[in-house]
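Trainee: Can you keep this structure in mind? I'll have questions shortly.
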Amino acid sequence: MTKQQKESKTVNIDIRKDLFGANENAAAINAETLKKHGVIAFDIMGSVGTGKTQLIEALCEHLRGKYRILMFAGDLATTIDADRVASHGIDTVQINTGTACHLDARMIKLALQKVDLSYYQVVFIENVGNLICPAGYSLGVDKKIVVVSVTEGPYMIRKHPLTIKHADMVIINKIDLVEVLGFDVDALESDIREVDAKIPVFRVSSTTGEGIEKLIKALNL
Ligand SMILES: Nc1nc2c(ncn2[C@@H]2O[C@H](COP(=O)(O)OP(=O)(O)O)[C@@H](O)[C@H]2O)c(=O)[nH]1
Ligand SMILES: [Mg+2]
Numbered sequence: 144m145t146k147q148q149k150e151s152k153t154v155n156i157d158i159r160k161d162l163f164g165a166n167e168n169a170a171a172i173n174a175e176t177l178k179k180h181g182v183i184a185f186d187i188m189g190s191v192g193t194g195k196t197q198l199i200e201a202l203c204e205h206l207r208g209k210y211r212i213l214m215f216a217g218d219l220a221t222t223i224d225a226d227r228v229a230s231h232g233i234d235t236v237q238i239n240t241g242t243a244c245h246l247d248a249r250m251i252k253l254a255l256q257k258v259d260l261s262y263y264q265v266v267f268i269e270n271v272g273n274l275i276c277p278a279g280y281s282l283g284v285d286k287k288i289v290v291v292s293v294t295e296g297p298y299m300i301r302k303h304p305l306t307i308k309h310a311d312m313v314i315i316n317k318i319d320l321v322e323v324l325g326f327d328v329d330a331l332e333s334d335i336r337e338v339d340a341k342i343p344v345f346r347v348s349s350t351t352g353e354g355i356e357k358l359i360k361a362l363n364l
C-alpha cells in the first residue's frame, strides 16, 4: 500500500443536513426573539395568485384597530405586495430574495433585527409565491398557513402534498368563485385530509370577507 493510499480519507458532506441545520438554528433564534417581544407571527405560503396578499389585506382590515401589525413581504424582486398592504396603513418590510424561491429563517432573522419589534404585536409574513419550496424552511413562526384557491384546478394538493404536511392550517380561498367555476371544494378538502386528517381547513373569500371572522377566531386574534 502506498503512503497516499494509507492516508487517504473520505469526507462526507451532507448538504441537506448542513443547510437545513443552519436554517433550524436561525428559526429557533427567531422563535425566541418573537416570544421575548410577545409577538405572534404567521408564515403564509402558497402559489402565485392564490390570494396570500389579499388575505393579509382582509385580515389587516379586521385587525388593525386591535393590534399593531407588521407585514414581511417575500418577493423575488418587486414591492407590489408590500405596497398593497401598506395602503391599509400597515408597516411593511420588503424582503427581495433575488433568485431564491422561498424565504428562509436567516432572511427573517436579518429582517427582525431591522425593526423595533417591541412596538408590534402581530407579524404576517407573505412567503414567496411557490407551493413547493417554502414548505421545508421553518421561519420560527407560531403558525404556518397554506393558502390554496379554487382557481388552481383540482389537483394541486395531490401533486404537492408536502406543503400540507409541513403546515398547521390550510385556507381554501376564493370561495366566492366556486359556483361560477363549478369547483368541487369537498373533493379538494378530502385531498387535504388524505395528507393530514386533523389539519384545520377554512374556506374563505378574501374579496367578499366570507369566513374571515371565523378564521380570525381560529387564529386566536
Ligand atoms: N374572486 C376572488 N378573487 C380573489 C380572492 N383573493 C384574491 N383574489 C384575486 O386573485 C388575484 C391574486 O391575488 P393575490 O392576493 O395577489 O395573490 P398572491 O399572489 O397569492 O399574493 C388578485 O387579482 C386578487 O384580487 C378571493 O377570495 N376571491
Ligand atoms: Mg402576493
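Residue numbers for the sequence shown follow my numbering, beginning at 144 and rising by one. Don't be surprised by glycine CBs; every beta carbon is placed ideally from N, CA and C. Please read these numbers as outputs of a predicted model, since none were measured by experiment.
Could you compute how far the alpha carbon of V182 sits from the alpha carbon of E175?
Mentor: C-alpha separation (whole angstroms): 10 Å.
Trainee: If distances are taken between C-alpha atoms only, which option among M312, G296 and P297 comes closest to A278?
Mentor: M312
Trainee: I need the straight-line Cα distance from V347 to M299, nearest angstrom please.
Mentor: 18 Å
Trainee: With a threshold of 7 Å on Cβ separation, who are the neighbours of T193 within its own chain once the five nearest residues in sequence on each side are excluded?
Mentor: V290, V291, S292, E295 and N316
Trainee: Got a list of residues with beta-carbon closer than 5 Å to any non-hydrogen atom of ligand 2, in chain order?
Mentor: Residues with their Cβ less than 5 Å from any non-hydrogen atom of ligand 2, running along the chain, are K195, T196 and D224.
Trainee: Between the Cα of P304 and those of D226, G189 and D329, spot the shortest distance and give me the residue it belongs to.
Mentor: G189
Trainee: For Q264, does the three-state DSSP call read helix, strand or coil?
Mentor: coil
Trainee: Return helix, strand or coil for F326, following the three-state DSSP convention.
Mentor: coil
Trainee: May I ask you to report which of helix, strand or coil DSSP gives N270?
Mentor: coil
Trainee: Between the region 236-250 and the region 211-226, are three or more C-beta pairs nearer than 8 Å?
Mentor: The answer is yes - the region 211-226 touches the region 236-250, with three or more Cβ pairs under 8 Å.
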